[in-house]
Each structure stands twice: as C-alpha cells, then as structure tokens.
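J.: Residue numbers (my numbering): 43 to 332.
Beta carbons are placed, not taken as given, at the ideal position from N, Cα and C, and that holds for glycine.
Below is the structure I would like to discuss, written out as structure tokens.
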C-alpha cells in the first residue's frame with residue numbers, strides 16, 4: 043500500500059493511500075490488482091487513465107513497479123499535451139490521406155463524365171499486362187467515337203454537347219459488364235478494354251452496345267428528340283500490337299474505316315482489309331466529318 047506521495051503526485055492524481063487503487067479501478071475497467079502484485083523492476087504495470095476537474099481534462103500515464111521488498115513505486119505522468127499532439131498529427135495525417143486519395147481520383151477520372159480518363163486507361167492496361175501470363179492472355183480493345191458529335195455542338199451549343207457526352211458515358215457503362223474497363227480518352231472518343239475477350243467476342247459485345255444506344259433518345263434544348271450512334275474500331279493484344287499506343291493507333295484506323303464507310307458500325311482491325319481499301323479510305327475520310 044502506498045505510504046508516501048509527493049506533492050506533485052497528489053496534485054496530479056488527487057488521491058493517495060487505498061484511494062489511489064479505488065481511483066484506478068473507477069477510471070480504468072481493465073485495471074487489475076492481481077497484475078499489481080506481479081510487477082517487478084523489469085516488468086512494470088502501465089496503463090492510462092482520464093481525469094477531469096471543473097476546467098480541464100487530463101490524460102495520466104500510470105506506471106507501477108517494484109520499489110523494494112513489499113513496497114511499490116507508482117509514477118504518474120501527465121501526457122495530456124502529448125495526446126493532444128498525437129491527435130493533431132493523426133487528424134493531419136487523415137486529412138492528408140483524404141486529400142491524396144482525392145488528388146489521385148482527380149488525376150485518373152474524367153471530370154465531365156465521371157468515368158476513367160486516358161491516363162487511367164494507360165495505367166490499367168500496363169498494370170494488367172504486366173501481371174498476366176503472356177502465354178495465356180486474351181485482351182482486346184475498342185475505340186468508340188460518337189457520330190456527328192460536332193453537329194451537336196454547332197447546332198445546340200457546347201453545354202448540350204457535354205450532356206450528350208455524359209449521357210453516352212452512362213449508357214455505355216450500363217451496357218458493359220465487369221470484364222470491361224471503360225474510359226474517355228479524348229473529346230468524343232472513348233475506349234473499352236476487355237480483360238478476357240478476343241477481338242471477335244468484343245466485336246459482338248460492342249455491336250450489342252451499339253444496338254442499345256441507337257434506341258436511346260435525348261431531348262435537345264429545343265425540345266426535339268435526337269439519337270446517338272457511334273462508330274468503333276477493335277483490336278486484339280499481340281495480334282495487332284503489344285503496347286497501348288500501337289493498339290490505339292490500329293483501333294483508330296479501323297474506326298476511321300467505319301466512319302468513312304457509313305458510320306454506326308463496328309469494324310475489327312485487319313491489315314488485309316485496310317490495305318485493300320487504303321486509297322478509298324483515305325479519300326473518303328478526308329471528306330468525312332467525324
């Protein structure tokens with residue numbers, strides 16, 4: 043049982059003698075008198091209690107250790123300021139973590155449509171390819187471009203053009219499945235990355251998306267109803283390129299062919315097809331408004 047208490051200890055704890063242990067039990071539900079009996083110089087018993095008077099709240103770290111035969115030494119340390127500092131640092135760290143996550147999200151999200159952006163598509167593609175078994179990988183990619191988008195802007199204004207982009211992104215997102223990663227890569231151009239489909243399977247999926255989009259209607263500022271369609275070019279990893287730049291370039295070529303030969307269609311990249319129609323494609327595309 044404590045037989046002596048310093049003036050500072052009394053001022054800090056506000057109790058002495060048997061009352062000290064009663065205080066510890068009232069302030070710390072985990073406090074154990076049994077543990078007190080087992081302490082020694084190498085194995086002190088430490089715990090933290092909260093004390094409050096009329097004006098302030100104090101956090102006290104209590105250390106009970108063996109002083110000499112049949113006597114204990116109890117040390118109280120006011121760590122209130124330290125706890126405040128720790129709380130401030132934790133709050134600051136939490137704020138910084140939240141801001142960092144927000145900045146990362148902003149960096150990889152298209153601000154208009156809310157879907158992934160071009161930077162995110164490159165990151166996703168490179169990470170996915172890096173961790174896949176190259177001997178058993180089945181990845182395809184599609185570039186979609188909204189048909190006659192310039193006319194939406196010219197006739198109804200850029201605000202309506204933004205509405206078209208947002209509506210298009212929403213509708214395509216709903217039409218795709220979890221196998222696909224969807225991003226806006228620039229202007230009215232979007233990209234779909236399929237993790238498990240070959241180009242033929244992705245072509246079928248994008249055709250279904252196109253059919254669903256064609257039946258959707260958008261109300262113009264003049265209260266007229268207009269519809270959206272898109273053209274698309276499809277490529278397959280390794281078959282038509284091994285980097286995203288190569289794949290996008292070849293997908294764009296197939297997309298240009300789709301635009302120049304009628305729009306509203308999905309064309310898979312083929313070197314034979316494009317070489318055969320290269321002269322016609324180039325001449326037509328120069329006159330074609332995307």
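Spell out a yes or no on whether the stretch 150-166 and the stretch 112-120 are touching, meaning 3 or more CB-CB pairs, one atom from each, closer than 8 Å.
T.: Judged by Cβ distances under 8 Å, the stretch 150-166 makes no contact with the stretch 112-120, as fewer than three pairs qualify.
J.: Looking at the structure shown, is residue 164 part of a helix, part of a strand, or coil, going by DSSP?
T.: DSSP places residue 164 in helix when its eight states are reduced to three.
J.: Determine the burial state of residue 134: buried for a count of at least 16 other Cβ atoms within 10 Å of its Cβ, exposed for fewer.
T.: Residue 134 is exposed by the Cβ-count criterion.
J.: Output yes or no for whether 8 Å exceeds the beta carbon distance between residue 260 and residue 268.
T.: Yes, these two residues count as a Cβ contact at 8 Å.
J.: Using alpha carbons as the reference points, say which of 270, 243 and 91 lies closest to residue 189.
T.: Cα-wise, what sits closest to residue 189 is 270.
J.: Who are the Cβ neighbours of residue 273 in its own chain at under 7 Å, not counting the five residues just before and after it?
T.: Cβ within range, chain order: 187, 189, 297, 300, 301, 305, 306 and 307.
J.: Classify residue 230: buried if its beta carbon has 16 or more other beta carbons within 10 angstroms, exposed otherwise.
T.: Residue 230 comes out buried.
J.: Measure how close the beta-carbons of residue 228 and residue 160 come, nearest whole angstrom, since I'm counting them as under 8 Å.
T.: At roughly 6 Å, the Cβ-Cβ gap stays under 8 Å, so residue 228 and residue 160 are in contact.
J.: First and last residue of the alpha helix (DSSP H) that includes residue 123?
T.: From DSSP, the alpha helix (DSSP H) with residue 123 extends over 122-149.
J.: Could you please give me the residues that DSSP links to residue 105 through a beta bridge?
T.: In DSSP, residue 105 forms a bridge with 88 and 117.
J.: If residue 183 sits next to residue 222, beta carbons under 8 Å apart, how far is it from one beta carbon to the other, in whole angstroms?
T.: That pair is no contact at about 10 Å.
J.: Check whether the stretch 206-219 and the stretch 127-146 touch, using three or more Cβ-Cβ pairs below 8 Å as the test.
T.: With the cut-off at 8 Å, the stretch 206-219 and the stretch 127-146 do not touch.
J.: Determine the burial state of residue 156: buried for a count of at least 16 other Cβ atoms within 10 Å of its Cβ, exposed for fewer.
T.: Exposed: under 16 other Cβ atoms inside 10 Å.
J.: Can you name, in chain order, every residue of its own chain whose Cβ lies under 7 Å from the Cβ of residue 86, other than the five neighbours on each side?
T.: Cβ neighbours of residue 86 beyond the five flanking positions: 105, 106 and 107.
J.: What residue range does the alpha helix (DSSP H) around residue 299 cover?
T.: Residue 299 -> alpha helix (DSSP H) spans 286-302.
J.: Is it buried or exposed for residue 242, if we count other Cβ within 10 angstroms and need 16 for buried?
T.: By the neighbour-count rule (16 or more Cβ atoms within 10 Å), residue 242 is not buried but exposed.
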